[in-house]
Amino acid sequence: MNEFSSHIAIIGAGISGLTLGCSLKSMGVETIIFEKSSDISEYGAGISISSNGLIPLDQLGLIDEIKKNSFSPQKVIFKHNNKNFFELQASRLHFLNEIPAPFFSMSRQKLVKTLQEKYKSLGGKILFDHELENINESENQVSFSNAKSYKFKHIAACDGIKSVIREQYFSKSFEPQYSGYSAWRGIGKSDSKSVEFHLGKNSHIVSYPINDDGDTSFVGIVKTENLEEESWKKEGTFEELLREFSSYDESIFSMLKTSSKPYKWGIYVRPPLKTLFTQKITLLGDAAHPMVPFLGQGGCMAIEDAYTLGLLCGHKGDDFPSIQKLYQKLRIGRTNKIQKMSYRQGKFNHFNNPLLVSIRNTVIKNTNIIANRLKYMHHYDTHIETLSVIEN
Numbered sequence: 020m021n022e023f024s025s026h027i028a029i030i031g032a033g034i035s036g037l038t039l040g041c042s043l044k045s046m047g048v049e050t051i052i053f054e055k056s057s058d059i060s061e062y063g064a065g066i067s068i069s070s071n072g073l074i075p076l077d078q079l080g081l082i083d084e085i086k087k088n089s090f091s092p093q094k095v096i097f098k099h100n101n102k103n104f105f106e107l108q109a110s111r112l113h114f115l116n117e118i119p120a121p122f123f124s125m126s127r128q129k130l131v132k133t134l135q136e137k138y139k140s141l142g143g144k145i146l147f148d149h150e151l152e153n154i155n156e157s158e159n160q161v162s163f164s165n166a167k168s169y170k171f172k173h174i175a176a177c178d179g180i181k182s183v184i185r186e187q188y189f190s191k192s193f194e195p196q197y198s199g200y201s202a203w204r205g206i207g208k209s210d211s212k213s214v215e216f217h218l219g220k221n222s223h224i225v226s227y228p229i230n231d232d233g234d235t236s237f238v239g240i241v242k243t244e245n246l247e248e249e250s251w252k253k254e255g256t257f258e259e260l261l262r263e264f265s266s267y268d269e270s271i272f273s274m275l276k277t278s279s280k281p282y283k284w285g286i287y288v289r290p291p292l293k294t295l296f297t298q299k300i301t302l303l304g305d306a307a308h309p310m311v312p313f314l315g316q317g318g319c320m321a322i323e324d325a326y327t328l329g330l331l332c333g334h335k336g337d338d339f340p341s342i343q344k345l346y347q348k349l350r351i352g353r354t355n356k357i358q359k360m361s362y363r364q365g366k367f368n369h370f371n372n373p374l375l376v377s378i379r380n381t382v383i384k385n386t387n388i389i390a391n392r393l394k395y396m397h398h399y400d401t402h403i404e405t406l407s408v409i410e411n
């Protein structure tokens, strides 16, 4: 039996797990991360980090590293049937003056590497090849498939969208439901310096530059009844990718053709949870609130969760009942709402009725619906919100 009885055990070395590790270590809290893979890898994807995600990263001293390894788009463009119908200057989305830009876009791989290096610089340790097998809450013990077991003080479940911990301890009766959408993602080449939303029939594509070299991340969504595996690691074929988006203009077609590897996965829906904790376990990130990818907020919610829990632990010590109640108070309402908003956005993006399409495009063009929706998500300072409940 190995001892980490004074540590918070973090299950999963993704964005939420590494951010939590950094947050806890910066507050002087002992932690250990267990990762089931033999290393940390991200598969051909970008991430857009809006101001609500940048605030915690800034508090952790990472904003300069983020700026150095990312791109700051100045414009958001909406297209329908390959024609521009609305443009939004990024300056209109600069809701928090504490940060230098409304959002940065970068490769997920570089974000994860930045977090990992920060965690290690704080003295953090990651144990690889540790796939979770069992949690014994009454004995404060966690066991892994490699026959190793450890004592722990508390468990932070950061094991992702297909969380074993969530399925075993929080939602045994809920089976994931196929949403009717499949997604493609990859990184190709493009001259565009803007975030672009291309709306089509039964599909849409979002693309954004992730550096100054023309590398552009894309996510393409297709409405289909064909069940696809829910795996970020499953490669698709270029033939199928180009066929499914054959109606899009040459700029999109060229970007898709230059992508290194296209990945395809099925999008599944899980109902919001009513609680984020048990006596010894707290859920974070995709393990707590798996989101369909229509608002691009999954990563930012994971960062918010992790920073919030780390700050609470730093101020409340080992008073986990108090920590968990405050964590749930701060997180569950916000994340459940954005989870639902993201699902509705998918419906909004895929109208087929010509009248509904016309109304949608007119509403986007002539109202503040986009800016207001983004303001709700982006105009949130996790540091201030968490300190306010601690002080009260």
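The sequence shown lines up with residues 20 to 411 when you count with the working numbering.
Idealized CB from N, CA, C, for every residue including glycine.
Q | His149: first and last residue of the uninterrupted beta strand (DSSP E) it sits in | A | Per DSSP, His149 belongs to no beta strand (DSSP E) and is neither H nor E.
Q) To the nearest whole angstrom, what separates the beta carbons of Phe147 and Asp58, a pair I think is in contact under 8 Å? A) 6 Å
(Q) Measuring only from the beta carbon, is Tyr200 closer than 7 Å to any heavy atom that is part of the ligand GTP? (A) No copy of the ligand GTP occurs in the structure displayed, which carries no ligand at all.
Q. Taking C-beta to C-beta, are Met125 and Lys208 nearer than 8 Å?
A. no
Q: Identify the continuous beta strand (DSSP E) that holds Glu194 and give its terminal residues.
A: Premise fails: Glu194 is in no beta strand (DSSP E) and is neither H nor E.
(Q) I need the DSSP call for Lys102, collapsed to helix, strand or coil. (A) strand
Q) On the three-state DSSP scale, how would you describe Lys397? A) For the record, residue 397 in the displayed sequence is His; it is not Lys. Of the three classes helix, strand and coil, the one that applies to His397 here is helix, per DSSP.
Q. Do the stretch 70-79 and the stretch 391-404 make contact, defined as three or more Cβ pairs closer than 8 Å?
A. yes
Q. From Ile27 to Leu328, what distance separates their C-alpha atoms?
A. Cα to Cα, the separation comes out at about 11 Å.
Q | Rounded C-alpha distance that separates Ile34 from Arg127 | A | 9 Å
Q) What number of angstroms, rounded off, separates the C-alpha of Leu134 from the C-alpha of Met46? A) 16 Å
Q: Please list the segments of the beta strand (DSSP E) lying wholly inside the stretch 274-316, counting only runs of 3 or more residues, in order along the chain.
A: 282-288, 300-302
Q. Which residue spans inside the stretch 51-95 form an unbroken beta strand (DSSP E) run of at least 3?
A. 65-69
Q.
Using a Cβ-Cβ cutoff of less than 7 Å, which residues in the same chain neighbour Phe193 once the five nearest sequence positions on both sides are dropped?
A. Arg289, Pro290
Q. Cβ atoms of Gln93 and Lys212: under 8 Å apart, would you say?
A. For Lys212 and Gln93, yes; Cβs fall inside 8 Å.
Q. When the distance is taken between beta carbons, is Thr301 closer than 8 Å to Tyr425?
A. With the chain covering only 20 through 411, there is no way to say anything about residue 425.
Q. Considering Leu218, what are the terminal residues of the beta strand (DSSP E) in which it resides?
A. 214-219
Q. For Leu43 versus Leu303, is the C-beta distance shorter than 8 Å?
A. The answer is no: Cβ separation not under 8 Å.
Q.
By alpha-carbon positions, which one of Glu186, Lys220, Phe104 ends up nearest to Asp178?
A. Glu186
**Q.** Between the CA atoms of Ile378 and Asn372 - distance to the nearest angstrom
**A.** Looking at the two C-alpha atoms, the distance is approximately 10 Å.
**Q.** 8 Å Cβ cutoff met for Asn387 and Lys299
**A.** no
**Q.** Simplified DSSP assignment, three categories, for Glu22
**A.** strand
Q) Three or more beta-carbon pairs under 8 Å between the stretch 276-284 and the stretch 199-206, yes or no? A) yes
Q. If Ile30 sits next to Leu151, beta carbons under 8 Å apart, how far is it from one beta carbon to the other, in whole angstroms?
A. So it is a contact: roughly 6 Å between Cβ atoms.
**Q.** Completely contained alpha helix (DSSP H) runs for the stretch 310-349, where each covers 4 or more residues
**A.** 317-335
Q. Distance, Cα to Cα, Ser110 vs Gly65?
A. Approximately 22 Å, taken between the alpha carbons.
Q. Taking the alpha-carbon positions, what's the Gly239 to Lys356 distance?
A. 24 Å
Q | DSSP three-state assignment for Ile351, whether helix, strand or coil | A | helix
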